[in-house]
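Using our numbering, you'd call the opening residue of the sequence shown number 75 and step up by one each time. We put the CB at the ideal spot given by N, CA and C, even for glycine. Note that the structure is predicted; figures quoted are calculated from it, not measured. Here's the structure we're looking at; comments come further down.
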Amino acid sequence: MSASDEPIGSERATRRDVVFMTIAIAVGLPWLFLRFQGYHGDPAIVAALSGLAIVGAAFLLSWAAEAFEKDVSQALALALLALIAVLPEYAVDMVFAWKAASDPTQASYAIANMTGANRLLIGIGWSAIVLVAWLRFRAHKVTLERGQAIEIAILLVATLYSFTIPMRGGLSLFDTVVFAALFGLYAWAASRAESHEPELVGPARIVGNLPTTKRRFGVGALFLFAATTIFASAEPFAEGLVESGLQFGIDEFLLVQWLAPLASESPEFLIAILFTWRGNAAAGMRAMVSSKVNQWTLLIGTLALVYSIASGRPASLPIDGRQAMELFLTSAQSLFAIVLIVALALDWRGALALFVLFVLQLVAPWEGAHFWFAVAYVVMAIGLLLFDANRRAAFLRLPSEARLALSGSPMAAELVAEPSPTPSPAHPESRVQSGH
């Protein structure tokens, strides 16, 4: 390409990126118009239009997060992205928790929705990142950045604490304090991470190349529009899918636990897959891990708070036997997943194990199957630590690496900034692993 051709190519790329951004905004407008007009029509139409709005918002969020990296660290940008992307799940689950104050049957739906969302996130979301990396670049594993030891450590503490909840028969305001503190620590750690100059492509480049003031305004506008769209679409999308499913005779409890979370998790999945497809699998996995930290700390912690506010007094959200088992299974899956990535990499074997076990426990027909799946998760996690020396060393090293990254020392900055392994432009697998 000659020098004279470059501006033409750049201009065409810019026009194409503007078209993509316009389409992403436009697909959400029909639903937003109907939503604020109070539309309550065919559930299938509601699900379709609100679903399109969520897809468009997911693209906008991914571009805004990339451009935001010019002002803050990737860790903080992706933490904010994960928090906004998980808004649909928050909205749906808080509705169930609020209704539970006047209708006790809704309490089981709140727990079912939360546990289903968490297990989907790991069983489908984490596995999908490795699958997409393999399909796109034939990469056999996705490597996390070393600074993510902080996120994994916080996730481990939250998981170990969560094992105590089923034994206490409810989610209390004390749990809210514990989980909120863990989320606050995670957000603080993300804000301290080193920032770097990102390589922007596509629509993110349009926003990122603006002057500083305009760029920050543009990023804020994209975040605000996408968050508004997701918040306005989440509950109708989930309810539209549930009502459509009921028309076909599908059990309502299963819809609440699986179909509604699958719908509300779609922005997170789409954003992470977009990052991975563009060769930034490290950012895609970081977004997925950030979402898990969000949902396993702030989301579960807010249920008791919302329930208490709706009840007009401090109260514990009750957990019946079935939901206690669902929580135990979710905690066990989380523990197994943490052990799989504690060495800061998830390979195809680990991803396949997460996916296959998730599908099997989903379709297991016999009574009591979830208990044995939970036991299997815990046994496998312990087995990996006992018989895999490298994984055991990484697990034992996790507290010190997390403390080092939190300390803000020069060594900590180097630890957070250094990806592992070092990327090699000649090998697509290492490029995907390192996020470049």
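| query | Under the three-state reduction of DSSP, which class applies to V416: helix, strand or coil? | reply | Counted from its first residue, the sequence shown places residue 416 at position 342. The three-state secondary structure of V416, taken from DSSP, is coil.
| field | Inter-residue spacing [alpha-carbon to alpha-carbon] between A487 and F291 | value | Start at 1 with the first residue of the sequence shown, and residue 487 comes out as number 413. Start at 1 with the first residue of the sequence shown, and residue 291 comes out as number 217. Note that A487 scores 41 on pLDDT, short of 50, meaning its location in the model is unreliable and no value can be drawn from it.
| message | Taking CB distances under 8 angstroms as the criterion, tell me whether G395 reaches chain B. | response | Included in the structure is just one protein chain, with no chain B present.
| beta strand (DSSP E) segment containing V216, residue limits | Position 142 of the sequence shown, counted from the start, is the residue given in the question as residue 216. It spans K215 to T217 - the beta strand (DSSP E) in which V216 sits, taken as one unbroken run.
| field | Exposure label - M485; buried when at least 16 CB within 10 Å | value | Here residue 485 refers to the residue found at position 411 of the sequence shown. At M485, the pLDDT of 44 sits below 50, so the modelled position is not reliable and the matter cannot be decided from this model.
| 8 angstroms Cβ cutoff met for F305 and A165 | As a working mapping, residue 305 is identified with position 231 in the sequence shown. As a working mapping, residue 165 is identified with position 91 in the sequence shown. A165 is positioned such that its CB atom lies closer than 8 angstroms to that of F305.
| According to the Cβ coordinates, are L218 and I383 closer than 8 angstroms? | Locating residue 218 in the sequence shown gives position 144, counting from the first residue. Locating residue 383 in the sequence shown gives position 309, counting from the first residue. At the C-beta level, L218 and I383 stay beyond 8 angstroms of one another.
| Just to confirm, are T233 and I412 a CB contact at a threshold of 8 angstroms? | Residue mapping note: residue 233 aligns to position 159 of the sequence shown, counting from 1. Residue mapping note: residue 412 aligns to position 338 of the sequence shown, counting from 1. Yes; because the gap between Cβ atoms is below 8 angstroms, this pair is in contact.
| Helix, strand or coil for P392 per DSSP? | For the purposes of this step, residue 392 is identified with residue 318 of the sequence shown, where counting begins at 1. Three-state DSSP puts P392 in a strand.
| field | First and last residue of the uninterrupted alpha helix (DSSP H) at R466 | value | Your numbering for residue 466 matches position 392 in the sequence shown. Under the DSSP assignment, R466 falls in the alpha helix (DSSP H) whose first and last residues are A463 to S481.
| message | Assuming W200 and M362 are in contact, meaning their beta carbons sit under 8 angstroms apart, how far apart are those beta carbons, in whole angstroms? | response | For the purposes of this step, residue 200 is identified with residue 126 of the sequence shown, where counting begins at 1. For the purposes of this step, residue 362 is identified with residue 288 of the sequence shown, where counting begins at 1. Going by Cβ atoms, the distance from W200 to M362 rounds to 5 angstroms, so yes, they are a contact pair.
| task | Can you tell me which of the three DSSP states L428 falls into? | result | Here the question's residue 428 lines up with position 354 in the sequence shown. DSSP places L428 in helix when its eight states are reduced to three.
| Chain-order list of residues whose beta-carbon lies under 8 angstroms from that of I280 (same chain, five-residue window excluded) | In the sequence shown, the residue the question calls residue 280 occupies position 206. Closer than 8 angstroms at Cβ, skipping near neighbours: T88, D91, V92 and M95.
| request: Return the Cβ separation of L333 and G319 in integer angstroms, given the expectation that the two are a contact with Cβ distance under 8 angstroms. | output: Reading the sequence shown from its first residue, position 259 is the one you call residue 333. Reading the sequence shown from its first residue, position 245 is the one you call residue 319. Rounded to whole angstroms, the Cβ separation of L333 and G319 is 6 angstroms, and the two are in contact under 8 angstroms.
| query | Using the beta-carbon count (16 or more within 10 Å), is K144 buried or exposed? | reply | Within the sequence shown, numbered from 1, the residue matching residue 144 stands at position 70. By the 10 Å Cβ count, K144 comes out buried.
| query | Does the Cβ of S265 have 16 or more other Cβ atoms within 10 Å, making it buried, or fewer, making it exposed? | reply | Sequence index remark: in the sequence shown, residue 265 carries index 191 (1-based). Exposed, because fewer than 16 other Cβ atoms sit within 10 Å of the Cβ of S265.
| Could you give the distance in angstroms between the alpha-carbon of V367 and the alpha-carbon of A254? | If you number the sequence shown from 1, residue 367 lands on position 293. If you number the sequence shown from 1, residue 254 lands on position 180. Cα to Cα, V367 sits roughly 11 angstroms from A254.
| query | Counting Cβ pairs, one atom from each stretch, are 3 or more of them under 8 angstroms apart for the region 113-126 and the region 300-317? | reply | The answer is yes - the region 300-317 touches the region 113-126, with three or more Cβ pairs under 8 angstroms.
| Burial state of V330, where buried means 16 or more other Cβ atoms lie within 10 Å | Counted from its first residue, the sequence shown places residue 330 at position 256. So V330 ends up on the buried side.
| task | Within the same chain, show all residues whose beta-carbon is closer than 6 angstroms to that of P240, passing over the 5 residues directly before and after it, in chain order. | result | Here the question's residue 240 lines up with position 166 in the sequence shown. Closer than 6 angstroms at the Cβ level, and outside the excluded window around P240, lie A398, L401 and F402.
| In or out: E326 buried (at least 16 other Cβ within 10 Å) or exposed? | Residue numbering aside, residue 326 sits at position 252 when the sequence shown is read from its first letter. Flag for E326 reads exposed.
| query | Mapping DSSP to helix, strand and coil, what is D249? | reply | Sequence index remark: in the sequence shown, residue 249 carries index 175 (1-based). Here D249 sits in helix by DSSP.
| By Cβ distance, which residues of its chain are closer than 6 angstroms to A151, with the 5 residues on each side in sequence left out? | Taking the sequence shown and counting its residues from 1, one reaches residue 151 at position 77. Spatial neighbours of A151 in its own chain (CB-CB distance under 6 angstroms, excluding positions within 5 residues in sequence) are listed in chain order as A139, F142 and E143.
| said: According to DSSP, G244 sits in a beta bridge with which residue or residues? | reply: Taking the first residue of the sequence shown as 1, we reach residue 244 at position 170. Answer is P392, bridged to G244.
| query | Tell me the DSSP bridge mates of D421? | reply | Against the sequence shown, residue 421 aligns to sequence position 347. Within the DSSP secondary-structure output, D421 pairs in a beta bridge with K215.
| task | Taking only the alpha-carbon atoms, compute the straight-line gap between R212 and F461 and give it to the nearest angstrom. | result | Here residue 212 refers to the residue found at position 138 when the sequence shown is read from its first residue. Here residue 461 refers to the residue found at position 387 when the sequence shown is read from its first residue. Whole-angstrom Cα-Cα distance: 28 angstroms.
| task | Take A389 and list the residues in its own chain whose beta-carbon comes closer than 7 angstroms to its own, dropping the five residues that flank it on each side. | result | Position 315 of the sequence shown, counted from the first residue, corresponds to residue 389. Only Y381 and S382 meet the Cβ criterion.
| task | With a 10 Å radius around its C-beta and 16 neighbouring C-beta atoms as the bar for buried, classify L470 as buried or exposed. | result | If you number the sequence shown from 1, residue 470 lands on position 396. Exposed, since its Cβ has fewer than 16 Cβ neighbours within 10 Å.
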